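Participant: Dumping the structure here so I can ask a few things about it.
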Amino acid sequence: MKVTTILTAAACLAGSFSLYADPAADREEAASSTGAYSVAGALRLPENTTKRDVYGMNVGWKLFKGKNAPEGVNSPDFNDSSWESVNLPNGIELLPEEASGCSNYQGPVWYRKTFTAPEKLKGRRNTLYFEGIMGKSEVWVNGEKAAEHFGGYLPVIVNLDKWLKPGQKNVIVVKADNSNDGSYPPGKPQESLDFAYFGGIYRDVYLISTGPVYITDPNEAGTVAGGGVFFRTESLDPRTRKGRVGVKVQVANDTDKEQKVRVQALMTDPKGVDPVGETAPLVIPPHSTGEVDIPLVISNVKPWSPDDPNLYTLSVEVWNAAGGNNAKNPAHLLDNRSMRVGVRTVEITEKGLVLNGSLFPEKLIGGNRHQDFARLGNAVPNNLQWQDAVKLRKAGMRVIRSAHYPQDPAFMDACDRLGLFVIVATPGWQFWGKGPFADRVYDDIRQMVRRDRNHPSVMMWEPILNETHYPADFAKKARDLVHEEYPYKGCYTACDAVAQGNQHYEVLYAHPATGDKHWSIKERKDNKPYFTREFGDNVDTWSAHNSTSRAARHWGEVPMMVQALHYLKTSFPYTTYDTLNAASAYHFGGCLWHPFDHQRGYHPDPFYGGILDAFRQPKTSYYAFMSQRPQKTRNELGSGPVVYIANECTPFSPEDVTVFSNCDSVRLSVNGGVPVEKKVASYPNGLKRVPVVFPKAWDFMENKKLARAGKEGAVKLVAEGLIGGKVVTRHEVRPSRRAEKIRLSLDREEGVELCANGSDVFAVVAEVTDSRGTVKRLNDEELVFSVEGPAELLTDSPDGTLTQPVKWGSAPALVRLGAKPGTVTVRASVKHPGSQKPVSGVLKFDTKAPGLNMLFTEDAVGKAKKGAAAPSSAEAPASEREKSLQTELEKVRHELNKLRNDKVSAQQTHFE
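Going letter by letter, the sequence shown gives residues -21 to -1, 1 to 891 in mature numbering (1 follows the signal peptide of the UniProt record, and there is no 0).
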């Protein structure tokens, strides 16, 4: 018997960060809703406050991979029980850690989902909202073809009204095909592409239900500069602290009668101070739409900026027009939407970026972002989207360019809340196709503006196809489409200065005259502002890709140091943090290529130039970037004192010790000696915080001498950061000793909840340490991970374990949380155990119920991969008590080993 589950608990406020300008207010605001991630551009609201129902559709799908699908695959009665059980987001397969060079599957896949639609959906308008399906896609509902779509980065919306059966079994079938196809963007074959398509239903899916009179969706409505809710800032007066905004609302009437309604727009800040609202009447003919544009004036306005990302809650409600004491037709709510918005004005001028009426005091520096994650490909769940934004903001970045396509909606939400500007780019890279290609590019441009126009984080649009030789009329038309869709102040478009048609664009991309000598500005065009879309990469040839900027984390500290110094300031004639700071005022910033290691189609090597690796483990350059962030702003996440010793005290570490810091000065003590204090210098009109170097501060032979004398505890480097003469931060490094333990930690940014939604994935990082907890960087163990409880270890191994090599002291594993809450236990032990080996590590954490109604069939949910065998009774897993005793026994063995080792050391010392 099939049982459809509807999970309704609202305990888990996924992504409720406490890292903002006003943490208490943000927590209060988050707690008032049932989740931090938007759905189709709006917040999920508690059931008792809305007429709109949202159901999560991520859990309980069946997957078939192959070019020859079984006969009758679209039929509701097809038997898919032998197919693999998957949850969304799904990227078709679990990829190898290094999946470049087209090692991923290319071709069609089929998904099926069986569920019982709630009876309450009868008589309502119901749509399926796919945030993203890669490639060519087709959707069937109960055996009937309902939609077809081309392109993998924008929503696919399916009206279910003809086919959905409330109270009965329903079957959704999706065919997704990521094969090469030049008829839609990006279009370029994957073996010639500098990023990877991957595939599948790789973003979230929702079922959205409204009444017959409802606020439309902008991507579904197809209305130029309209549809749904269109919010924009009209003006902002810093002197009077007043702001004028506009709220355009489109309402649809699917009934046979004319509808007279009232549309109300209400804006409140997180503390509920100075709310402002207005109501406008609207008459909508039958089977038609109507539109109102409501102006609002806000007093004591709190503007949005990267360093103070203030957000308001905009609530839009549609009521029947009668109201009052009309007994026959009393006032009642027909539909409502609520969203976070920011009040801010942007002007990009030859003097630089003017934000909220004031010239931004610093260059706007950030990074590009590809969306893939190690092993997951592009199927990155919301919690990791949020964590990416957190890590980038902590690095001091203030702007992200969406290379080379619109990003996941959860990432855009995070940019709003965390204070990251975004340059939104249309899908495309070095390719112009034939046939319907151009029309599909133009449609993508319209759809990306409609989807992302309400985000205060959107600074400008990039409708141009990146590095593409396109027809002569394309550039102007692409630019004009953006302005058609956003016909208000503050709309800016960007294009390469060397591309044809650049004269039509408000902002030009180039390297500054102080930077790259080949692509730098030779002659400024039309007094326009400039921005560097990609800086930092330094390859020898585009075939070999040898580079001073590409250093895998496990290559160790010397390559990582070369990369870090290269990004800050290099001896090459190249664009860096230093040369961007030194650029003329009209050149207002630039984006690093690229903050994360990522996979590529046309090259066998991943891009190793990230300041974090593909698992989001930091490299030295991450701390180099942190050293350039402000000492303090209202946005504590993107500022604060930093001091970092870039030396691991290994036998091969450099004698000269480099410290990255944004403090006024750095004080370094070596082995408890007298501290040496040095000022953190800056280059005139260039790098603001030059790395501090202490010559010959690390001496391995001194370490050996003290250790032999029984004073190994004294061997350490201690750096203190001082601001205004006071110590405000500290970093300590010790040489690692004998490998004793395996330490497990959950890569979980502050405030990110552990939601049992069947989708969220977390990295569990195992580190080999000595008895004091110092990471043993030079260690080549292999670790075996296992998971118990309502979670799944992402592995291809039939027994459900994962073997990972230790690289530069750590080994990451990915754990997907299940669809039911409970206690999850993760274990890691050495692959080849022995009496002298490190003690196994154990990590436990509890998951919470999700704040979202989820529709799924129980028998479609499975943790194991198809073909994975369950353990026999003889191989039954040990009980928790047995495992605890085993761990304690390991510890006892190690205490005995320590006594033995002390004797061995004494003997070696004696005979030496």
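Cβ coordinates follow ideal geometry from the N, Cα and C atoms, glycine included. Owing to the predicted nature of the structure, the values given are computational and were not obtained by experimental measurement.
1. Quick check: what's the CA-CA separation for residue 770 versus residue 804?
2. Rounding to the nearest angstrom, what Cα-Cα distance links residue 463 and residue 130 in this structure?
3. Evaluate residue 8 with the Cβ neighbour count: other Cβ atoms within 10 Å of its Cβ, from every protein chain shown; 16 or more gives buried, anything less gives exposed.
4. Rounded to whole angstroms, what's the CA-CA distance from residue 400 to residue 179? Just pull it up for me.
5. Who are the Cβ neighbours of residue 145 in its own chain at under 6 Å, not counting the five residues just before and after it?
6. Rounded to a whole number of angstroms, what is the C-alpha to C-alpha distance between residue 194 and residue 622?
7. Count the other CB atoms within 10 Å of the CB of residue 338; is the residue buried (16 or more) or exposed (fewer)?
8. Would residue 197 and residue 396 be called neighbours here (beta carbons separated by less than 9 Å)?
9. Do residue 388 and residue 746 have their C-beta atoms within less than 9 Å of each other?
10. At the level of alpha carbons, what is the spacing between residue 394 and residue 18?
11. Between which residues of its own chain and residue 371 is the CB-CB distance below 8 Å, once the five residues before and five after are set aside?
12. Near residue 581, what residues of its chain come up, given a Cβ to Cβ distance below 7 Å and the 5 sequence neighbours on each side ignored?
13. Given this structure, state the Cα-to-Cα distance separating residue 910 from residue 740, to the nearest angstrom.
14. For a minimum of 4 consecutive residues, which ranges assigned as the alpha helix (DSSP H) are wholly contained in the region 435 to 508?
15. Could you check whether residue 209 and residue 221 sit closer than 9 Å to each other, using their CB atoms as the reference points?
16. Name the DSSP beta bridge partners of residue 934, please?
17. If contacts are defined as beta-carbon pairs under 8 Å, then residue 392 and residue 16 qualify, I think. What distance do you get, rounded to the angstrom?
18. Just to confirm the assignment, what range does the beta strand (DSSP E) spanning residue 316 have?
19. Give the DSSP bridge partners of residue 705, in chain order.
20. What whole-angstrom Cβ distance do residue 472 and residue 427 have, given they're in contact under 8 Å?
21. Under a three-way DSSP split, which group does residue 105 fall into?
22. Could you check what DSSP says for residue 415 in three-state terms: helix, strand or coil?
23. Does the region 564 to 573 come within contact of the region 501 to 520, defined as at least 3 CB pairs closer than 8 Å?
24. Whose C-alpha, out of 417, 354 and 835, is nearest the C-alpha of residue 783?
25. In the DSSP assignment, find the alpha helix (DSSP H) that holds residue 604 and state where it starts and stops.
26. Which residue from 836, 835 and 830 puts its Cα closest to that of residue 26?
27. May I ask you to report which of helix, strand or coil DSSP gives residue 787?
28. Classify residue 648 as helix, strand or coil using the three-state DSSP reduction.
29. Do residue 435 and residue 321 have their CB atoms nearer than 9 Å?
30. If you draw a straight line from the alpha carbon of residue 445 to that of residue 455, how long is it in whole angstroms?
31. Taking only runs of the alpha helix (DSSP H) that begin and end inside the region 188 to 242, which ones reach a length of at least 4 residues, in chain order?
32. What is the rounded straight-line gap between the Cα of residue 22 and the Cα of residue 248?
33. What do you get for residue 806, buried or exposed, if any count of 16 or more other CB atoms within 10 angstroms of its CB means buried?
34. Can the beta-carbon of residue 483 be found less than 9 Å from the beta-carbon of residue 470?
35. Using the Cα positions of residue 184 and residue 381, report the straight-line distance between them to the nearest angstrom.
36. On a CA-only basis, which of 430, 453, 377 and 425 is nearest residue 410? Give me that one, please.
Facilitator: So, to answer that:
1. For the pair residue 770 and residue 804, the Cα-to-Cα distance works out to about 9 Å.
2. Their Cα atoms are separated by approximately 22 Å.
3. Caution applies to residue 8, whose pLDDT of 40 falls short of 50 and renders its modelled position unreliable; the model cannot decide the point.
4. Going from the Cα of residue 400 to the Cα of residue 179 covers about 29 Å.
5. For residue 145, where only same-chain residues beyond five positions count, the Cβ hits under 6 Å are 96, 98, 100 and 101.
6. Near 51 Å, if we compare the C-alpha coordinates of residue 622 and residue 194.
7. Answer is exposed; the Cβ neighbour count stays below 16.
8. No, the Cβ-Cβ distance between residue 197 and residue 396 is not below 9 Å.
9. No, Cβ-Cβ distance for residue 388 and residue 746 is not below 9 Å.
10. Their Cα atoms are separated by approximately 16 Å.
11. Residues of the same chain with a CB within less than 8 Å of the CB of residue 371, apart from the 5 flanking positions on each side, are 345, 346, 348, 379, 399 and 574 in chain order.
12. 170, 171, 172 and 173.
13. Since the displayed the chain opens at -21 and closes at 891, residue 910 lies outside it and no answer follows.
14. Complete alpha helix (DSSP H) runs here, min 4: 453 to 464.
15. No, the Cβ-Cβ distance between residue 221 and residue 209 is not below 9 Å.
16. The displayed coordinates of the chain run from -21 to 891. Any statement about residue 934 would go beyond what the structure contains.
17. Contact between residue 392 and residue 16 holds: their C-beta atoms lie close to 6 Å from each other, under 8 Å.
18. Counting along the chain, the unbroken beta strand (DSSP E) around residue 316 starts and ends at 312 to 320.
19. Paired residues: 702.
20. In this structure residue 472 does not touch residue 427 by the C-beta definition: roughly 12 Å separates them, more than the 8 Å allowed.
21. Residue state, collapsed to three classes: strand.
22. Here residue 415 sits in coil by DSSP.
23. Touching, yes.
24. The shortest C-alpha separation from residue 783 is found at 354.
25. Per DSSP, residue 604 belongs to the alpha helix (DSSP H) from 599 to 605.
26. Ranking the options by Cα distance to residue 26, first place goes to 830.
27. In the three-state reduction of the DSSP assignment, residue 787 falls in the coil class, being assigned neither a helical nor a strand state.
28. Three-state DSSP puts residue 648 in a strand.
29. Their beta carbons are under 9 Å apart, which means residue 435 touches residue 321 by this criterion.
30. When only Cα atoms are considered, residue 445 and residue 455 end up about 15 Å apart.
31. Correct list: 197 to 200.
32. The straight-line gap from Cα to Cα measures roughly 15 Å.
33. With 16 or more other Cβ atoms within 10 Å, it is buried.
34. For residue 483 and residue 470, no; Cβs fall outside 9 Å.
35. Cα-Cα distance, rounded: 22 Å.
36. Scanning 430, 453, 377 and 425 for the CA closest to the CA of residue 410 turns up 453.
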